[in-house]
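Participant:
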Amino acid sequence: MRRRRLMWRVAALGLAVALVYMVRDLSGASGWDWLGAVGGLLALGGLAGALAWPDGRSATAKSTADSQLPARAEAGDVQAMVTLGRQLWQESADPAAAARWLERAAEAGDTGAMATLGLLLADQGDRAGALRWSRQGADAGDTDAMVALAQILRAAGDGAKAEKWLRRAADDQDSTAMYYLGELGEEQGDLAEAERWHRLAAEAGDEDSIVWLGSALEQRGEKAEAERWYRRGALEGQAESMNCLGRALLDRGQRDEAVRWFRRSAEAGDADAMVRLGILLDERDDAAGAERWFRAGAEAGDVIGMFNLGTVLDRRGDREEAARWYRRAADEGDPDAMVNLGKLIGADDPTSAEPEQWYRRAARTGHTGAMVNIGTTMARRDNPAAAEVWYRRAAREGDADAMLQVGFLMQGRGEPAESWFQRAADGGNIWGMCELGALLQERGERDEAERLYRRAAESMHPTALFNLAAFYDRQDERPDAEQWFQKAAERGDTDAMNRLGDFCRERGETKTAERWYRHGADAGNATAMGSLGRLRWERGDEAEAKRWWLRAIEAGDPASMYYLDELTPYTMDDEAAARWYRPGAEAGEPGAMHLLGWSLREKDPAEAERWYRRSAEAGSTFAMQSLAIVHKTRGDRAEARHWFHTAAEAGYHNAMFSVGLFDQEDGDLASARLWYERSADAGNVFAGYNLGRLHEKADELAEAERWYRHGADAGDPLAMNGLGILAERRGDQRRANRWYRRAIQAATPEQLEELRMDAEERAKLTG
19 MRRRRLMWRV
29 AALGLAVALV
39 YMVRDLSGAS
49 GWDWLGAVGG
59 LLALGGLAGA
69 LAWPDGRSAT
79 AKSTADSQLP
89 ARAEAGDVQA
99 MVTLGRQLWQ
109 ESADPAAAAR
119 WLERAAEAGD
129 TGAMATLGLL
139 LADQGDRAGA
149 LRWSRQGADA
159 GDTDAMVALA
169 QILRAAGDGA
179 KAEKWLRRAA
189 DDQDSTAMYY
199 LGELGEEQGD
209 LAEAERWHRL
219 AAEAGDEDSI
229 VWLGSALEQR
239 GEKAEAERWY
249 RRGALEGQAE
259 SMNCLGRALL
269 DRGQRDEAVR
279 WFRRSAEAGD
289 ADAMVRLGIL
299 LDERDDAAGA
309 ERWFRAGAEA
319 GDVIGMFNLG
329 TVLDRRGDRE
339 EAARWYRRAA
349 DEGDPDAMVN
359 LGKLIGADDP
369 TSAEPEQWYR
379 RAARTGHTGA
389 MVNIGTTMAR
399 RDNPAAAEVW
409 YRRAAREGDA
419 DAMLQVGFLM
429 QGRGEPAESW
439 FQRAADGGNI
449 WGMCELGALL
459 QERGERDEAE
469 RLYRRAAESM
479 HPTALFNLAA
489 FYDRQDERPD
499 AEQWFQKAAE
509 RGDTDAMNRL
519 GDFCRERGET
529 KTAERWYRHG
539 ADAGNATAMG
549 SLGRLRWERG
559 DEAEAKRWWL
569 RAIEAGDPAS
579 MYYLDELTPY
589 TMDDEAAARW
599 YRPGAEAGEP
609 GAMHLLGWSL
619 REKDPAEAER
629 WYRRSAEAGS
639 TFAMQSLAIV
649 HKTRGDRAEA
659 RHWFHTAAEA
669 GYHNAMFSVG
679 LFDQEDGDLA
689 SARLWYERSA
699 DAGNVFAGYN
709 LGRLHEKADE
719 LAEAERWYRH
729 GADAGDPLAM
739 NGLGILAERR
749 GDQRRANRWY
759 RRAIQAATPE
769 QLEELRMDAE
779 ERAKLTG
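All residue numbers for the sequence shown refer to our numbering, where the first residue is 19 and numbers rise by one.
1) Could you check what DSSP says for P402 in three-state terms: helix, strand or coil?
2) Taking the alpha-carbon positions, what's the A722 to M428 distance?
3) Find the nearest neighbour of G223 within the set L709, E495, G255 and L167, judged by alpha-carbon distance.
4) Hey, is G510 close to the ligand FAD, as in C-beta under 6 angstroms from one of its heavy atoms?
5) Would you report the Cα separation of D290 and N261, rounded to the nearest angstrom?
6) Distance, Cα to Cα, A720 vs E460?
7) To which residues of the same chain is A30 closer than 6 angstroms at the C-beta, ignoring the five residues directly before and after it?
8) Please report whether the beta-carbon of T651 lies at a distance below 7 angstroms from any beta-carbon of chain C.
9) Can the beta-carbon of C522 be found less than 7 angstroms from the beta-carbon of N485?
10) On the CB-based measure, 16 or more other CB atoms within 10 Å of its CB, does S633 come out buried or exposed?
11) At which residue ranges does the region 392 to 456 contain complete alpha helix (DSSP H) runs of 4 or more residues, listed in the order of the chain?
12) Could you pull out every residue in the same chain whose Cβ sits closer than 7 angstroms to the Cβ of Q154, ignoring the five residues on either side in sequence?
13) Check whether the region 537 to 548 and the region 504 to 521 are in contact - that is, three or more C-beta pairs closer than 8 angstroms.
14) Give a yes or no on whether the C-beta atoms belonging to V321 and D300 are separated by under 7 angstroms.
15) Measuring CB to CB, does E258 end up less than 7 angstroms from V277?
16) Could you tell me the distance, in whole angstroms, from the CA atom of R554 to the CA atom of S638?
17) Is H649 helix, strand or coil by DSSP?
18) Between H663 and the rest of its own chain, which residues show a CB-CB distance below 8 angstroms, the 5 nearest in sequence each way excluded?
19) Shortest alpha-carbon distance to A158 belongs to which of L137, R186 and D141?
20) By Cβ distance below 6 angstroms, which residues in the same chain neighbour P735 in space, the five residues on each side in sequence not counted?
21) According to the neighbour-count rule (16 or more other Cβ atoms, all chains shown, within 10 Å of its Cβ), is E771 buried or exposed?
22) So, are the CB atoms of F640 and H660 less than 7 angstroms apart?
23) Taking the alpha helix (DSSP H) that K564 belongs to, which residues open and close that run?
24) For G177, report the span of its alpha helix (DSSP H) as first-last.
25) Please look up how many angstroms separate the CB atoms of K650 and A658, rounded, as I've assumed it's under 8 angstroms.
26) Quick one: residues in its chain with C-beta nearer than 6 angstroms to the C-beta of A563, no 5 flanking neighbours on either side, listed in chain order?
27) Buried or exposed: where does A140 fall if 16 or more other Cβ atoms within 10 Å of its Cβ makes it buried?
28) Going by DSSP in three states, R150 sits in which element: helix, strand or coil?
29) Measuring CB atoms only, is the region 194 to 208 touching the region 160 to 180, in the sense that at least three cross pairs come out at less than 8 angstroms?
30) So W616 and A626 are supposed to be a Cβ contact under 8 angstroms. How far apart are they, rounded?
31) Taking the C-alpha atoms as reference points, what is the distance between G67 and D366?
32) Going straight from the alpha carbon of K182 to that of A126, what length do you get?
33) In this structure, does DSSP put T530 in helix, strand or coil?
34) Quick check: what's the CA-CA separation for R246 versus E374?
35) CB W376 to CB L362, shorter than 7 angstroms?
36) Check each candidate in G296, E317 and A318 and name the one with the smallest Cα separation from E309.
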């Protein structure tokens, strides 16, 4: 008994401390959350202690009592019947048995059993039985029964009678009845009456009414008053109020305190709070914490939690589990999950029809990103008309990326695209800004072009930074160009790393040049690998140069094939081939098979061809290209075209270029342009020059300049020379000379032979 009295005193002390905290909180004082926490802990601890020690029973008493419920109920204990019936219903274990026990208790006069039995029977579709038992309890004065009766009447469409019973229960201070009266007022459009009842219910401690009232106050702009109500509910341990308090705090920038309340709400089981906590932790780069709470929210059934968990898993490369969670969210109707699931499936299996099915489901909800993806799918199938329909549909809904794609389609047809790029830029699309900037730069509107490139660069996207740097590079404004290439490189743009290496190499800073080339090469940039090989060759390190050129060739850098073939007397003997590639090739690795074939191309062409074919049949697009070259060399154009085309359809940009050459040789210039454009867009350095030449011959000088510039930006000296020729045709000799100079500096010995007769005569290197 002494312990019990002590615990009651502790509880009383805690309540007093909490009351002091609430007074200070209402007065606007801050920094006293610890006081409220101490008070709450004392009150809860004291209350728990007082209840735990009334007669010295152990913690196993409840479980023992639960196991005895059926026996007590059979013995006629009415309260045991009620408790057992409610347990069986709530756990969905045996609704029929639940109804029997509740009915026995109700027949014994227990009004609580009458209320619960009424709701259970209504749930089972027995409206007459539900009304009978709930009315009997209500007539006996049980407020739970009155509320149950009102719910049954509301469901039956008898709102007037339902309101009468709710008012009777509310008169007896039943907060649940007050909440439902607030709901009725809202349904009837009487928001003042709704708020009056929700306020009364909130003052009585009803969590749903506290949240409703706080939300209504927020919508009216009374954010401080809303936060006060959320805090009151939160301090009473209400999970949803904690979540709402976290949102209110986040809105006014109190992120740390918001995290604390989201965490408390999440720990209390609120799924929405779990997801919100995950989002904040993700923003703090706490990947493990974010995944933990997204997973908790997802497993609790929160669709956004499922989607966010999929995103986290996708980001770290766990594609199988990511797809599982995207699919669960998509099955629940989340259009973002449908789009991401489609992308994931399409990346794993480009031939699958399932991605388009998901995109179409998402598009039916109005998801513009899904419409854009359908358009892209159509474009990949060489169906630009269908692609444009979907792009324009998304553009009408305001999707800036769709506007950009419409611009690209129109540009590809030779139609004016500037207005679409302008619309995309106005919509915040950084690539629209860059495309518009390029058009304006070509027209000589330098300042406006610079403004657009700078707007795009504000996103700090590496490619946008690179584009701004390339703008200054084209203007021959080297200090600004180098500054922005540096920023792009620091954010991972490998083309910027390669260009910085070029700048340093031109100044004779070979150590710094090598550092930048190596950064780009290590990150997988084929051009940087080739540049690094060339630099090592110039410094006398033949073995290292060859190693990097081989890597560059496999990564798709055509210039490295020239370096290795022309600058070195390199043919791999059998011993070296075995050491380098044969083990991997014989193990079935496509890349090793291709490189083994390539290394044997002069010593044993027949064996080289066999390895090319094995590698190509295993899916190596590089081997397909090499095999096509073998067939073309021996005059078998049909077989050569087959392998070029197969590699091109698989996405290899050099093969696209080769298909374009075939079409040009056959006189199909429209098809040649299409393949050159696809090749250039996919990263082929030389396609821009060929496109420029086609347009120049057709006297389409604006398009010629655009594609020469595309090639020049990629480092092609022939395209640079083309820009010089166009500038000279316009009478701009100074700009022409700059391009001729750059072409000669960038050219390989083989390319110099092509340029020398024209570019060296034109460029006044001292001018």
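All C-beta atoms in this analysis are idealised placements derived from N, C-alpha and C, irrespective of residue type, glycine included.
Facilitator: The answer reads as follows:
1) Helix.
2) Cα to Cα, the separation comes out at about 16 angstroms.
3) It is G255 whose Cα lies nearest to the Cα of G223.
4) Absence of the ligand FAD from the depicted structure is noted, as is the absence of any ligand whatsoever, leaving it without description.
5) When rounded, the distance between both Cα atoms is 8 angstroms.
6) So the two alpha carbons sit approximately 8 angstroms from each other.
7) Residue placement at A30 cannot be trusted, given a pLDDT of 45 that sits under 50; what the coordinates show is reported in the next sentence. None.
8) In summary, chain C is missing from the structure at hand, where a single protein chain is found.
9) C522 is not a Cβ neighbour of N485, given a cutoff of 7 angstroms.
10) It is buried - the Cβ of S633 has at least 16 other Cβ atoms within 10 Å.
11) Under the rule that a run must span 4 or more residues, the alpha helix (DSSP H) segments found entirely inside the region 392 to 456 read 402 to 414, 418 to 430 and 436 to 444.
12) Cβ within range, chain order: M132.
13) Yes, they touch.
14) Going by beta carbons, V321 and D300 fall outside the 7 angstroms limit.
15) No, these two residues do not count as a Cβ contact at 7 angstroms.
16) A straight line joining the alpha-carbon of R554 with that of S638 spans about 28 angstroms.
17) H649 falls in the helix class under three-state DSSP.
18) Cβ contact annotation for H663 (same chain, cutoff 8 angstroms, sequence separation greater than five): A673 and V677, in chain order.
19) Comparing Cα-Cα distances from A158 to each of L137, R186 and D141, the minimum goes to R186.
20) The beta carbon of P735 lies closer than 6 angstroms to those of A761, A764, A765 and Q769 in the same chain, with the five residues before and after it left out.
21) When all chains shown are included, E771 counts as exposed.
22) A distance of 7 angstroms or more separates the beta carbons of F640 and H660.
23) DSSP places K564 inside the alpha helix (DSSP H), whose first and last residues are E560 to A573.
24) Where G177 is concerned, the enclosing alpha helix (DSSP H) stretches over G177 to D189.
25) Right, the Cβ-Cβ distance comes to about 4 angstroms (below 8 angstroms), so this counts as a contact.
26) Taken in chain order, the residues that qualify are G551, R554 and W555.
27) With 16 or more other CB atoms across the displayed protein chains lying within 10 angstroms of its CB, A140 is buried.
28) Looking at R150 - three-state DSSP - the assignment turns out to be helix.
29) Yes, they touch.
30) Cβ-Cβ separation between W616 and A626: approximately 7 angstroms, consistent with a contact (criterion under 8 angstroms).
31) In this prediction, G67 has a pLDDT of 44, which is less than 50 and means its spatial position is unreliable; what the coordinates show is noted afterwards. Their backbone Cα atoms lie some 59 angstroms apart in a straight line.
32) CA-to-CA, the gap between K182 and A126 works out to about 27 angstroms.
33) Here T530 sits in helix by DSSP.
34) In a straight line, the C-alpha of R246 is about 49 angstroms away from that of E374.
35) Going by C-beta atoms, W376 is not nearer than 7 angstroms to L362.
36) Measuring from the Cα of E309, the nearest candidate turns out to be G296.
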